[in-house]
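Engineer:
Shown next as structure tokens:
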């Protein structure tokens with residue numbers, strides 16, 4: 286401990302000795318904390334290396350259902366990270382570690398490689414469905430050359446939709462426009478992800494002109510009970526109709542939310558009500574449309 290109680294009267298020389306001891310102890314504690322921090326950071330780096338370069342990385346698929354014809358039909362799957370490492374055992378922990386150690390691009394490469402393997406195994410109908418939705422980290426848009434190389438792993442671009450968050454436009458990363466050209470010239474579809482989650486603005490809709498607009502689950506939650514959310518959803522579906530974008534509702538958890546979204550013009554839905562992320566391509570159950 287650094288603190289020490291001094292009782293009056295006290296000797297001047299003893300006070301100086303006590304102060305020296307306190308400073309020495311404080312310096313020792315700082316060094317211990319620094320060393321512990323360095324050791325923790327090294328363990329963190331090692332865990333990240335293991336998670337990225339080994340078989341301790343997987344992806345799960347969550348279905349997106351198209352309800353435009355009344356009968357639910359699987360329109361696409363979203364590929365979601367599912368790390369299997371003992372320490373970095375969830376997507377947030379893995380992403381945070383990758384950001385902390387400047388390994389986002391390496392992680393992004395792995396995600397696209399695994400997604401490419403999944404795409405090759407997905408059964409394909411005559412109309413090319415289902416599609417595969419894959420998330421891009423904003424930092425991946427800062428290096429168009431590397432992005433082009435990584436996207437080569439997705440050999441069926443006409444079946445791929447790349448999800449880009451509002452944050453990508455908010456940060457206005459260098460060479461953002463070049464990366465978007467790589468995506469569109471390659472024939473990949475685009476989706477604005479998490480619209481309404483709190484990032485800067487709707488300007489990315491004008492910049493990107495996406496095929497899909499994914500409403501954030503914060504807008505979907507209890508939408509059947511909140512008229513203001515319903516009006517906002519109506520505005521987005523009107524925008525989608527005017528620009529040729531399909532609106533997707535994420536995070537649907539109950540029939541009431543599903544009904545409210547359908548009533549307000551959202552034809553493609555995703556969430557636990559329809560199916561949880563799974564390594565299997567076809568959910569065990571289909572949603573009820575009573």
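In our numbering, the protein residues as written are 286 to 575. A virtual CB, placed ideally from N, CA and C, is assigned to each residue, including glycine.
1. Between the segment 549 to 566 and the segment 341 to 357, do three or more beta carbon pairs fall short of 8 Å?
2. In three-state DSSP terms, what is residue 418?
3. For residue 559, is the classification buried or exposed, using 16 other Cβ atoms within 10 angstroms of its Cβ as the cut-off for buried?
4. Can you pull the DSSP bridge partners for residue 466?
5. Roughly how many angstroms separate the alpha carbons of residue 438 and residue 416, rounded to a whole number?
6. Please state if the CB of residue 449 and the CB of residue 467 are separated by a distance shorter than 8 Å.
7. With contact counted as at least three CB pairs below 8 Å, one residue from each stretch, are the segment 486 to 503 and the segment 327 to 338 in contact?
8. Name the residue from 392, 353, 496 whose alpha carbon lies nearest to the alpha carbon of residue 469.
9. With which residues is residue 348 paired in a DSSP beta bridge?
10. With 16 other CB atoms within 10 Å as the buried threshold, where does residue 301 fall?
11. Which residues in the same chain as residue 596 place their Cβ atom closer than 6 Å to its Cβ, once the five residues preceding and following it in sequence are excluded?
12. Of all the beta strand (DSSP E) runs that stay within the bounds of the segment 469 to 553, which reach a length of 3 or more residues?
13. Cβ atoms of residue 404 and residue 445: under 8 Å apart, would you say?
14. Kindly indicate the opening and closing residues of the beta strand (DSSP E) around residue 446.
15. Over the uninterrupted alpha helix (DSSP H) stretch that includes residue 377, give me the two end residues.
16. Give the DSSP bridge partners of residue 343, in chain order.
17. Can you tell me whether residue 377 is buried or exposed, with buried defined as 16 or more other CB within 10 angstroms of its CB?
18. I believe residue 536 touches residue 505 by the beta-carbon criterion, under 8 Å. Please report the beta-carbon distance rounded to the nearest angstrom.
19. With which residues is residue 398 paired in a DSSP beta bridge?
20. So is residue 542 buried or exposed if we call it buried at 16+ other beta carbons inside 10 Å?
21. Using the rule of at least 16 other Cβ atoms within 10 Å of the residue's Cβ for burial, across every protein chain shown, is residue 363 buried or exposed?
22. Tell me which same chain residues have a C-beta within less than 7 Å of the C-beta of residue 556, skipping the five on either side of it?
Structural biologist: Looking at the atomic coordinates:
1. yes
2. Along the chain shown, one-based indexing puts residue 418 at 133. Strand.
3. Along the chain shown, read from residue 1 onward, the residue named residue 559 stands at position 274. Result: buried.
4. What you label residue 466 is simply residue 181 of the chain shown in a count that begins at 1. Partner(s): none; residue 466 has no beta bridge.
5. On the chain shown, position 153 is the one that residue 438 refers to. On the chain shown, position 131 is the one that residue 416 refers to. Computed Cα separation, rounded: 15 Å.
6. The residue given as residue 467 occupies position 182 in the chain shown. The residue given as residue 449 occupies position 164 in the chain shown. Not closer than 8 Å, so no.
7. no
8. Stepping through the chain shown from its first residue, residue 469 is reached at position 184. Checked all of 392, 353, 496; the closest Cα to residue 469 is 496.
9. As a position in the chain shown, residue 348 is number 63, starting the count at 1. Residue 348 pairs with 362.
10. Residue numbering aside, residue 301 sits at position 16 when the chain shown is read from its first letter. By the 10 Å Cβ count, residue 301 comes out exposed.
11. The structure shown does not extend to residue 596, since the chain is modelled only from 286 to 575, so the question has no answer here.
12. 474 to 480, 497 to 500, 531 to 534
13. As a first step, residue 445 must be located in the chain shown, where it is residue number 160. As a first step, residue 404 must be located in the chain shown, where it is residue number 119. Yes, Cβ-Cβ distance for residue 445 and residue 404 is below 8 Å.
14. Within the chain shown, the letter at position 161 stands for residue 446. Start and end: 445 to 450.
15. The residue given as residue 377 occupies position 92 in the chain shown. First-last of the alpha helix (DSSP H) with residue 377: 376 to 385.
16. In the chain shown, the residue the question calls residue 343 occupies position 58. 367, per the DSSP bridge assignment.
17. Residue mapping note: residue 377 aligns to position 92 of the chain shown, counting from 1. Per the 10 Å Cβ criterion, exposed.
18. Taking the chain shown and counting its residues from 1, one reaches residue 536 at position 251. Taking the chain shown and counting its residues from 1, one reaches residue 505 at position 220. Right, their Cβ atoms sit about 5 Å apart.
19. Stepping through the chain shown from its first residue, residue 398 is reached at position 113. None; residue 398 has no bridge partner.
20. The sequence position of residue 542 within the chain shown is 257, counting from 1. Buried, since its Cβ has 16 or more Cβ neighbours within 10 Å.
21. Looking up residue 363 in the chain shown gives position 78. The residue in question, residue 363, is buried, as its Cβ has 16 or more Cβ neighbours within 10 Å.
22. Start at 1 with the first residue of the chain shown, and residue 556 comes out as number 271. 535, 536, 537, 538, listed in sequence order.
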